[in-house]
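The structure appears right after this line, and notes come after that.
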Amino acid sequence: MSERSNRGQRFDRLPVTPDERQVPGRASRQEVLDWWNDRFGIPPETFEGYTFWEKGAGKVWIFNGEATDPSTVEAIGMTFLRTRQDHWKPTMRAVQRFGGMATRNVIELSPERARRFAAGEDQQLPEWDGDWGYLIVTHELAGGQAALGVGLYLHDELRSVVPKGSREDLAVIDRE
Amino acid sequence: MNPLERYEPLVDDREAFRAACDRPLPSVVRVNTIATTAERVAAAFDEEGIRYETVDWHDGLFVLPDGHPGRNWPHFHGWTHGQEEVSVLPGLALDPQPGDRVWDACAAPGSKTTQIAAMMNDQGTVVANDNNLGRLSALRHNTERLGITNVVVTNQDARNYSLKPLAFDGFDRALVDAPCSCEGTCRKNPDVLDEWTMDHVRAVAGIQKGILTRAVRMTRPGGTVVYSTCTFAPEENEAVLDHVLAEVDCELVPFDLPVRTTPGVLEWDGETYDPSVEHARRIYPHHNDTGGFFCAKIRVGGEGVEA
Chain W
148 MSERSNRGQR FDRLPVTPDE RQVPGRASRQ EVLDWWNDRF GIPPETFEGY TFWEKGAGKV
208 WIFNGEATDP STVEAIGMTF LRTRQDHWKP TMRAVQRFGG MATRNVIELS PERARRFAAG
268 EDQQLPEWDG DWGYLIVTHE LAGGQAALGV GLYLHDELRS VVPKGSREDL AVIDRE
Chain L
7 MNPLERYEPL VDDREAFRAA CDRPLPSVVR VNTIATTAER VAAAFDEEGI RYETVDWHDG
67 LFVLPDGHPG RNWPHFHGWT HGQEEVSVLP GLALDPQPGD RVWDACAAPG SKTTQIAAMM
127 NDQGTVVAND NNLGRLSALR HNTERLGITN VVVTNQDARN YSLKPLAFDG FDRALVDAPC
187 SCEGTCRKNP DVLDEWTMDH VRAVAGIQKG ILTRAVRMTR PGGTVVYSTC TFAPEENEAV
247 LDHVLAEVDC ELVPFDLPVR TTPGVLEWDG ETYDPSVEHA RRIYPHHNDT GGFFCAKIRV
307 GGEGVEA
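Residue numbers (the working numbering), protein chains in the order written: chain W, 148 to 323; chain L, 7 to 313.
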């Protein structure tokens with residue numbers, strides 16, 4: 148069964164490559180893997196065994212189970228990436244889950260800045276001299292880096308794009 | 007009438023039982039082992055200045071005496087999930103393995119679903135079903151927050167569940183954590199005692215029988231079905247097992263839980279039950295200072311590799 152248009156309420160598996168694309172605008176698996184690799188240095192092998200699906204315009208889901216006809220289910224796996232826009236945006240939870248493997252476009256925040264980021268605050272950060280756009284934001288926690296989520300860096304400012312329901316007023320971790 | 011009075015003849019120490027039921031329960035969190043380890047969660051609590059206590063029978067649980075299980079860094083990172091102690095027991099009884107196909111019949115809000123997925127190391131398939139669409143959104147929020155990728159969420163009546171949307175025609179294991187009268191949760195939500203009625207017990211027992219029967223039928227020969235509730239009512243516990251034992255080819259099997267338990271009861275209110283229901287485990291609040299709970303492990307009949 149092949150659908151020639153995207154239907155917002157059902158899951159459809161991403162085509163393997165752009166050449167196999169039948170639904171206009173739908174990302175292919177290859178493009179998704181390339182994007183994580185190009186943007187964050189997360190190697191494509193990381194996602195071997197996972198399948199990618201689109202439900203809702205541009206919303207890509209990652210799934211690690213068995214499914215043949217998921218068109219009538221409520222959800223498979225978790226949301227992963229927003230496509231069908233100029234700059235693709237990973238989800239906070241995808242970044243928390245897989246962002247630890249990133250080697251570029253990662254910004255580490257101090258304890259005070261991490262607190263503000265988790266609370267959903269935007270902050271001036273002119274010292275960042277890397278790329279603009281979506282970054283993986285981390286802080287140090289319990290002996291290692293921990294990904295907080297996704298930040299949008301534009302014009303010397305790091306915007307927190309932590310979804311409203313996931314924001315939290317947390318303590319500043321004392322590193323003195 | 008306080009429904010707890012009904013169950014006093016079943017317990018060893020009525021006063022201790024009632025006193026425990028009157029005490030509120032502390033907040034408890036379970037470590038999401040897909041994301042991190044218990045050691046790292048403890049280290050993060052230490053850095054943040056969050057007080058915690060360990061649980062001697064489960065190294066992935068922390069009691070937070072100051073409450074607020076959602077207001078700390080481990081929670082923000084999806085490293086922990088608020089879950090009452092007794093609520094992890096059915097997952098332990100189910101013992102899911104990576105690669106398994108597992109049905110969670112009444113899954114919302116997903117504490118047990120996410121525990122099962124983590125026990126499977128996010129490998130295999132957990133089909134999390136619930137008939138209540140509103141509660142499913144809470145489940146979705148939890149699977150997402152914990153970064154779980156092997157869960158399929160469905161919205162069906164579990165009693166006549168259809169496998170049609172799935173890639174397979176049966177499960178290795180199933181959990182029926184059934185809707186029930188919930189007196190066992192009175193330490194968290196005392197309202198359940200005021201809302202309790204015998205009519206509800208009778209009505210919900212019928213639903214429980216239907217769901218458990220369907221679970222056994224959809225699980226492969228030799229597979230495991232776990233039945234659990236948070237009620238003390240034998241009508242919703244042993245009587246449901248007794249019905250299903252007569253209805254479908256399966257047997258109750260003995261199993262160990264890491265807390266003090268008592269055997270299923272063999273008679274209640276003039277009814278007698280299949281003697282094997284004594285393999286079911288009752289968990290009373292005063293024995294482990296937890297909520298009340300009931301848990302049974304079923305082996306599905308027929309030739310098949312043991313799950």
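Positions of the beta carbon are idealized from the N, C-alpha and C atoms, including for glycine.
Note to self: If you reduce the DSSP assignment to three classes, tell me which class residue 206 (chain L) lands in.
What the structure shows: Within the second sequence, the letter at position 200 stands for residue 206 (chain L). If DSSP states are grouped into helix, strand and coil, residue 206 (chain L) belongs with the helices.
Check: Any beta-carbon of chain W closer than 8 angstroms to the one on residue 146 (chain L)?
Finding: For the purposes of this step, residue 146 (chain L) is taken as residue 140 along the second sequence, with counting starting at 1. Interface residue, yes.
Notebook entry, point to check: According to a CB-to-CB cut-off of less than 9 angstroms, which residues of the segment 52-83 of chain L neighbour chain W?
Noted result: 52, 53, 54, 55, 56, 76, 77, 78, 79, 80, 81, 82, 83
Checklist line | Proximity test, Cβ basis, 8 angstroms: residue 317 (chain W) and chain L | finding: The residue labelled residue 317 (chain W) in the question sits at position 170 within the first sequence. At least one chain L Cβ lies under 8 angstroms of residue 317 (chain W).
Next item on the list: Using three-state DSSP, classify residue 149 (chain W) as helix, strand or coil.
Entry: For the purposes of this step, residue 149 (chain W) is identified with residue 2 of the first sequence, where counting begins at 1. The predicted position of residue 149 (chain W) is uncertain, since its pLDDT is 48 and thus under 50; a value taken from the coordinates is nonetheless stated next. Here residue 149 (chain W) sits in coil by DSSP.
Next item on the list: State yes or no: is the beta carbon of residue 142 (chain L) nearer than 8 angstroms to at least one beta carbon in chain W?
Entry: Along the second sequence, read from residue 1 onward, the residue named residue 142 (chain L) stands at position 136. For residue 142 (chain L), the answer is yes, since a Cβ of chain W falls inside 8 angstroms of its Cβ.
Next item on the list: Tell me whether residue 238 (chain W) is buried or exposed, calling it buried when 16 or more other Cβ atoms sit within 10 Å of its Cβ.
Entry: As a working note, residue 238 (chain W) is residue 91 in the first sequence. It counts as buried.
Checklist line | As assigned by DSSP and simplified to three states, the class of residue 83 (chain L) | finding: For the purposes of this step, residue 83 (chain L) is taken as the residue at position 77 of the second sequence. DSSP places residue 83 (chain L) in coil when its eight states are reduced to three.
Check: Can you tell which of W:304, W:219, W:211 has its C-alpha closest to the C-alpha of residue 154 (chain L)?
Finding: Along the second sequence, one-based indexing puts residue 154 (chain L) at 148. It is W:211.
Item checked: Alpha carbon of residue 196 (chain W) to alpha carbon of residue 130 (chain L), nearest angstrom -> Residue numbering aside, residue 196 (chain W) sits at position 49 when the first sequence is read from its first letter. Residue numbering aside, residue 130 (chain L) sits at position 124 when the second sequence is read from its first letter. Their backbone Cα atoms lie some 11 angstroms apart in a straight line.
Next item on the list: Using beta-carbon positions only, say whether residue 228 (chain L) and residue 107 (chain L) come within less than 8 angstroms of one another.
Entry: The residue labelled residue 228 (chain L) in the question sits at position 222 within the second sequence. The residue labelled residue 107 (chain L) in the question sits at position 101 within the second sequence. Against a cut-off of 8 angstroms, the Cβ pair of residue 107 (chain L) and residue 228 (chain L) comes out as no contact.
Notebook entry, point to check: Name the chain W residues whose beta carbon is nearer than 8 angstroms to that of residue 151 (chain L)?
Noted result: Residue 151 (chain L) sits at position 145 when you count from the first residue of the second sequence. By Cβ distance, chain W contributes 240, 313.
Next item on the list: Pick helix, strand or coil for residue 295 (chain L), following the three-state DSSP scheme.
Entry: Residue 295 (chain L) sits at position 289 when you count from the first residue of the second sequence. Correct three-state label for residue 295 (chain L): coil.
Check: Cβ of residue 189 (chain W) within 8 angstroms of Cβ of residue 249 (chain W)?
Finding: The sequence position of residue 189 (chain W) within the first sequence is 42, counting from 1. The sequence position of residue 249 (chain W) within the first sequence is 102, counting from 1. Yes, the Cβ-Cβ distance between residue 189 (chain W) and residue 249 (chain W) is below 8 angstroms.
Next item on the list: Look up residue 277 (chain L) in the DSSP assignment and say whether it is helix, strand or coil.
Entry: Indexing the second sequence from 1 puts residue 277 (chain L) at position 271. Strand at residue 277 (chain L).
Next item on the list: Could you check the C-alpha separation between residue 218 (chain W) and residue 157 (chain W) for me, to the nearest Å?
Entry: Position 71 of the first sequence holds residue 218 (chain W). Position 10 of the first sequence holds residue 157 (chain W). Distance between the alpha carbons of residue 218 (chain W) and residue 157 (chain W): 5 angstroms.
Note to self: Between which two residues does the alpha helix (DSSP H) holding residue 249 (chain L) run?
What the structure shows: For this step, residue 249 (chain L) is matched to residue 243 along the second sequence. Its alpha helix (DSSP H) spans residues 244-253.
Item checked: C-alpha gap between residue 301 (chain W) and residue 312 (chain L), whole angstroms -> In the first sequence, residue 301 (chain W) corresponds to position 154, counting from 1. In the second sequence, residue 312 (chain L) corresponds to position 306, counting from 1. Roughly 57 angstroms between the two C-alpha positions.
Note to self: Within 8 angstroms of any Cβ in chain W, is that where the Cβ of residue 128 (chain L) sits?
What the structure shows: Looking up residue 128 (chain L) in the second sequence gives position 122. True, the Cβ-Cβ gap to chain W drops below 8 angstroms.
Notebook entry, point to check: Based on Cα-Cα distance, which residue from W:165, W:169, W:164, W:181 lies nearest to residue 154 (chain W)?
Noted result: The residue labelled residue 154 (chain W) in the question sits at position 7 within the first sequence. For residue 154 (chain W), the nearest C-alpha among the options comes from W:169.
Checklist line | Cβ shell of residue 245 (chain W) (< 7 angstroms), same chain only, five flanking positions each side left out | finding: Reading the first sequence from its first residue, position 98 is the one you call residue 245 (chain W). 189, 193, listed in sequence order.
Margin query: Taking 8 angstroms as the limit between beta carbons, can you name the residues of its chain near residue 149 (chain L), skipping five residues before and five after?
Written below: Here residue 149 (chain L) refers to the residue found at position 143 when the second sequence is read from its first residue. Same-chain partners within the cutoff: 116, 119, 120, 123, 134, 157, 159.
Checklist line | Segment limits, beta strand (DSSP E) that includes residue 227 (chain L) | finding: The residue given as residue 227 (chain L) occupies position 221 in the second sequence. Run containing residue 227 (chain L): 225-235, per the beta strand (DSSP E) assignment.
Next item on the list: Determine the direct distance from the alpha carbon of residue 203 (chain W) to that of residue 298 (chain W), and round the result to whole angstroms.
Entry: Walking along the first sequence from the start, residue 298 (chain W) turns up at place 151. Walking along the first sequence from the start, residue 203 (chain W) turns up at place 56. Going from the Cα of residue 298 (chain W) to the Cα of residue 203 (chain W) covers about 23 angstroms.
Margin query: For the structure I just gave you, are there three or more beta carbon pairs, one from the segment 236-249 of chain L and one from the segment 134-148 of chain L, closer than 8 angstroms?
Written below: no
Margin query: Do residue 96 (chain L) and residue 181 (chain L) have their beta-carbon atoms positioned less than 8 angstroms apart in this structure?
Written below: Locating residue 181 (chain L) in the second sequence gives position 175, where the first residue counts as 1. Locating residue 96 (chain L) in the second sequence gives position 90, where the first residue counts as 1. Yes, Cβ-Cβ distance for residue 181 (chain L) and residue 96 (chain L) is below 8 angstroms.
Checklist line | In DSSP terms, what residue 283 (chain W) is bridged to | finding: Residue 283 (chain W) sits at position 136 when you count from the first residue of the first sequence. In the DSSP output, where bridge partners are listed per residue, residue 283 (chain W) has W:253, W:297.
Next item on the list: Run through the segment 109-161 of chain L for me and flag every whole beta strand (DSSP E) of 3 or more residues, listed as ranges in chain order.
Entry: 131-135, 157-160
Notebook entry, point to check: Who does residue 257 (chain L) pair with in a DSSP beta bridge?
Noted result: On the second sequence, residue 257 (chain L) is found 251 positions in, with the first residue counted as 1. L:305, per the DSSP bridge assignment.
Notebook entry, point to check: Since residue 69 (chain L) sits in a beta bridge, which residues does DSSP pair it with?
Noted result: Along the second sequence, one-based indexing puts residue 69 (chain L) at 63. Answer is L:34, L:59, bridged to residue 69 (chain L).
Margin query: With a threshold of 8 angstroms between beta-carbons, can residue 166 (chain L) be considered close to chain W, or not?
Written below: Walking along the second sequence from the start, residue 166 (chain L) turns up at place 160. False, the Cβ-Cβ gap to chain W never drops below 8 angstroms.
Item checked: Residue interval of the alpha helix (DSSP H) (run including residue 179 (chain W)) -> Your numbering for residue 179 (chain W) matches position 32 in the first sequence. Segment 176-187, the alpha helix (DSSP H) holding residue 179 (chain W).
Next item on the list: Consult DSSP for residue 74 (chain L) and reduce its assignment to one of helix, strand or coil.
Entry: Here residue 74 (chain L) is taken as the residue at index 68 of the second sequence, counted from 1. Coil at residue 74 (chain L), not helix or strand.
Check: Can residue 16 (chain L) and residue 297 (chain L) be called in contact, C-beta distance under 8 angstroms?
Finding: The sequence position of residue 16 (chain L) within the second sequence is 10, counting from 1. The sequence position of residue 297 (chain L) within the second sequence is 291, counting from 1. No. Outside cutoff.
Notebook entry, point to check: Just the Cα atoms here: how many angstroms apart are residue 305 (chain W) and residue 165 (chain W)?
Noted result: Position 158 of the first sequence holds residue 305 (chain W). Position 18 of the first sequence holds residue 165 (chain W). About 33 angstroms.
Margin query: residue 307 (chain W) and residue 247 (chain W) - do their beta-carbons sit closer together than 8 angstroms?
Written below: The residue given as residue 247 (chain W) occupies position 100 in the first sequence. The residue given as residue 307 (chain W) occupies position 160 in the first sequence. Contact: no.
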